[in-house]
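Student: One structure coming up, written as structure tokens, with questions to follow.
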Amino acid sequence: MKHSYRRTGRLWLSALVTLLWAGSLTSTAQTTTRESFETGTKPTYPASAVLLSTGTWTLDNALLGSSVLDHKNGTQALRLTQMGKATMDFFLPEGASTVTVQHALYGSEASSGFELYYQSQSCSCNKWVKVGSTVIASTATLQSASFAVNVSGPVRFELRKVSGAGAQLNLDDVVVTPYAVTPPPTVGDNDHLTMGNPSGAATDVNMPFNYLMRKRQFALSYHRDQGKPNWVSWYLAPAWLGSTPRQDNFRNDTELPAGWYQVGSGSYSGSGFDRGHNTPSADRTSSVADNSATFLMTNMIPQAPNNNQITWATLENYARTLVDQGNELYIIMGSYGKGGTGSAGYKETIDNGRVQVPNRVWKVIVVLPMGNNDVSRVGSGTRIIAVDTPNQQGLTSNWGQYRTSVDAIETATGLDLLSSLPTAVQDLVEATIDSGPTN
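Residues -29 to -1, 1 to 410, numbered by mature numbering (1 follows the signal peptide of the UniProt record, and there is no 0), are exactly what the sequence shown covers, in order.
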């Protein structure tokens, strides 16, 4: 089901949307934040707040030292003892890409370890997240430690002395570079719609059953009256994977057109169905903002718990192992039909009829070695995994038993998957059922 007569228009639309998206990411110049500890006065260790050049910090078991034994750039440095902490009492609005900290022994005392933690303002959990590894200060001259943070949105930091008991530790010149927004990928490479727009979706309120939403983290076609996506498409490569923890902030998507019902975090409550991610949380761990985006309800379907937590989770984990092996992936996931069986039995709709429960859940994964000009590299040797599962309980981790062809999914859904590929290539690769490994 190639629908080649629509392909030219779709490619033009994809290019236009990408250009518009690129324009929306243009930002003003960003500012590096530097705390040199040269201003403010705090000569004793008990916890209290002190106004520094960047804002107010709370210093606990910490002081501003100016003795000849303090290793410093300028006249003062931060000095910590015991399990001392230095905490920003304010958020940096532009996020952070990296943080560098100068560190040294105090005088010639024993070595000490310190760690960097961050807290994102977007997380209402008041949780601190450790960045990188413990750094050991072991020299009497200032050395630089660098931490890769990559957190967008307002963020604040805390420095903690974590070893060395009563030995004192000097820290100086904390420099925070703002979060660098990754420019949108060029049309035809590394874009969420590189392999095509399966339904010709457009960002047009007059297309409520096929409404295109273009996020930084994924693209999707939304069905207003079903309260769920028809499909979600995303690109997965090492750049999208990091150490950001799962945010678990399920929420309505305020980017839906005015007047449209917004499925909420509690819309699935008591239904017997999971809030099943299309783009998985674990596929977007490079930053808090990227992981948080996966919890928008426009990225969810009512998914049977066994299907979501066992079969689908195993397939998702396997896909990430392919990335670890040096591949980049183009993934499209969707659902179709009406009526599934969750832990509370069979249902066709939930949320007072505003969310349709799908009967089947499918996914297509295009696997390519890391490289450029990705569409042109798809051919007879390209591994393409197509899976179509029932949305019900009782499924196992053996996702391989549900492998099918792309052609079969197209027949079931009416979509034109991988439409960016030349017709001859589509005819070849879409008829094949994957027989590769499953773990």
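Here a beta-carbon is modelled for each residue, glycine too, at the ideal position from N, C-alpha and C.
#1: Find the nearest neighbour of Val349 within the set Thr375, Ser82, Asp160, judged by alpha-carbon distance.
#2: Could you check how far apart the C-beta atoms of Leu76 and Ala33 are, in whole angstroms? I think they sit under 8 Å.
#3: Could you round the C-beta distance between Val259 and Gly124 to whole angstroms and report it? I think they count as a contact, below 8 Å.
#4: So, using beta-carbon positions, are Tyr88 and Leu140 closer together than 9 Å?
#5: Which runs of the beta strand (DSSP E), 3 residues or longer, sit entirely within the stretch 67 to 107?
#6: Return the bridge partner residues of Ser252 from the DSSP annotation.
#7: Compute the Euclidean distance between the alpha carbons of Pro216 and Gln90, then round it to the nearest angstrom.
#8: Can you tell me whether DSSP reads Pro373 as helix, strand or coil?
#9: Express the C-alpha separation of Arg331 and Ser242 in angstroms, rounding to a whole number.
#10: Taking Ser391 as the reference, give the member of Thr384, Ala383, Val400 with the closest Cα.
#11: For the 8 Å Cβ check, are there 3 or more pairs between the stretch 19 to 35 and the stretch 60 to 67?
#12: For Thr312, which of Asn369, Asn362, Thr282 has the nearest alpha-carbon?
#13: In the DSSP output, which residue or residues are listed as bridge partners for Phe61?
#14: On a CA-only basis, which of Gly247, Leu51, Gln73 is nearest Ala136? Give me that one, please.
#15: Sorted by chain position, which residues of the same chain lie with C-beta nearer than 7 Å to Gly45's C-beta, five sequence neighbours on each side aside?
#16: Pick from Thr320, Pro209, Val234, Phe244: whose alpha carbon is nearest that of Ala290?
#17: Starting from residue 443, trace the alpha helix (DSSP H) both ways and give me its first and last residue.
#18: Span of the alpha helix (DSSP H) holding Ser263?
#19: Is the Cβ-Cβ distance between Ala111 and Gly78 less than 9 Å?
#20: Could you give the uninterrupted runs of the beta strand (DSSP E) lying entirely in the stretch 131 to 200, keeping only those of 3 residues or more?
#21: Is it the case that the stretch 216 to 233 contacts the stretch 267 to 280, given that we only count it when at least three CB pairs across the two stretches are under 8 Å?
#22: For the alpha helix (DSSP H) that Arg291 lies in, which residues bound it at each end?
#23: Looking only at its chain, what residues have a beta carbon closer than 8 Å to the beta carbon of Trp99, apart from the 5 residues adjacent to it on each side?
#24: Specify, as a first and last residue, the run of the beta strand (DSSP E) that Ser306 falls within.
#25: Just to confirm, is the Cβ distance from Ser306 to Trp333 under 9 Å?
#26: Would Glu319 be called buried (16 or more neighbouring beta carbons within 10 Å of its own) or exposed?
#27: So who's on the other strand from Glu226, going by DSSP bridges?
#28: To the nearest whole angstrom, what separates the beta carbons of Ile303 and Trp202, a pair I think is in contact under 8 Å?
#29: Would you call Gly247 buried or exposed, if buried means 16 or more other Cβ atoms sit within 10 Å of its Cβ?
#30: Near Leu22, which residues of its chain fall below 6 Å by C-beta distance, leaving aside the five closest residues on each side in sequence?
#31: Applying the 10 Å Cβ sphere with the 16-neighbour rule, what's the burial state of Ile404?
#32: Mind reading off the beta-carbon distance from Gly66 to Val106? Whole number of angstroms is fine, and I expect it under 8 Å.
#33: From residue 413 to Gln92, what does the alpha carbon distance come to, in whole angstroms?
#34: Determine the contact status of Asp359 and Ala395, defining contact as a CB-CB distance below 9 Å.
#35: Does the distance from the CB of Val72 to the CB of Ala116 come in under 9 Å?
Tutor: Quick look at the numbers:
#1: The shortest Cα separation from Val349 among Thr375, Ser82, Asp160 belongs to Asp160.
#2: About 16 Å separates the two Cβ atoms, so there is no contact after all.
#3: The pair is a contact, with the Cβ atoms about 7 Å apart (cut-off 8 Å).
#4: no
#5: Within the stretch 67 to 107, complete beta strand (DSSP E) segments of at least 3 residues are found at 67 to 76, 83 to 91, given in chain order.
#6: Ser252 is not bridged to any residue.
#7: 12 Å
#8: Correcting the residue type first, residue 373 is Tyr in the shown sequence and not Pro. Reduced to three states, the DSSP call for Tyr373 is helix.
#9: 17 Å
#10: Val400
#11: The stretch 19 to 35 is in contact with the stretch 60 to 67.
#12: Each of Asn369, Asn362, Thr282 was checked against the Cα of Thr312, and the nearest Cα belongs to Asn362.
#13: DSSP output for Phe61 lists no bridge partner at all.
#14: The option with the nearest alpha carbon to Ala136 is Leu51.
#15: For Gly45, same chain residues with a beta-carbon under 7 Å away, outside a window of 5 residues either side, are Ser7, Glu9 in chain order.
#16: Pro209
#17: The first residue shown for the chain is -29 and the last is 410, placing residue 443 beyond what the model contains.
#18: Ser263 -> alpha helix (DSSP H) spans 259 to 264.
#19: yes
#20: 140 to 148, 182 to 185, 190 to 194
#21: In this structure the stretch 267 to 280 touches the stretch 216 to 233; the number of beta carbon pairs closer than 8 Å is three or more.
#22: 284 to 295
#23: Tyr88, Tyr89, Gln90, Glu129
#24: 298 to 307
#25: yes
#26: Exposed, because fewer than 16 other Cβ atoms sit within 10 Å of the Cβ of Glu319.
#27: Its beta-bridge partners do not exist; DSSP assigns none.
#28: 6 Å
#29: Of the other Cβ atoms in all chains shown, 16 or more fall within 10 Å of the Cβ of Gly247; this residue is therefore buried.
#30: Here the set comprises Gly11.
#31: Ile404 should be labelled exposed.
#32: Not really, about 22 Å apart at Cβ, beyond 8 Å.
#33: In the structure displayed, the chain extends from -29 to 410; residue 413 sits before or after that span and is not available.
#34: Result no, Cβ atoms of Asp359 and Ala395 do not sit closer than 9 Å.
#35: yes
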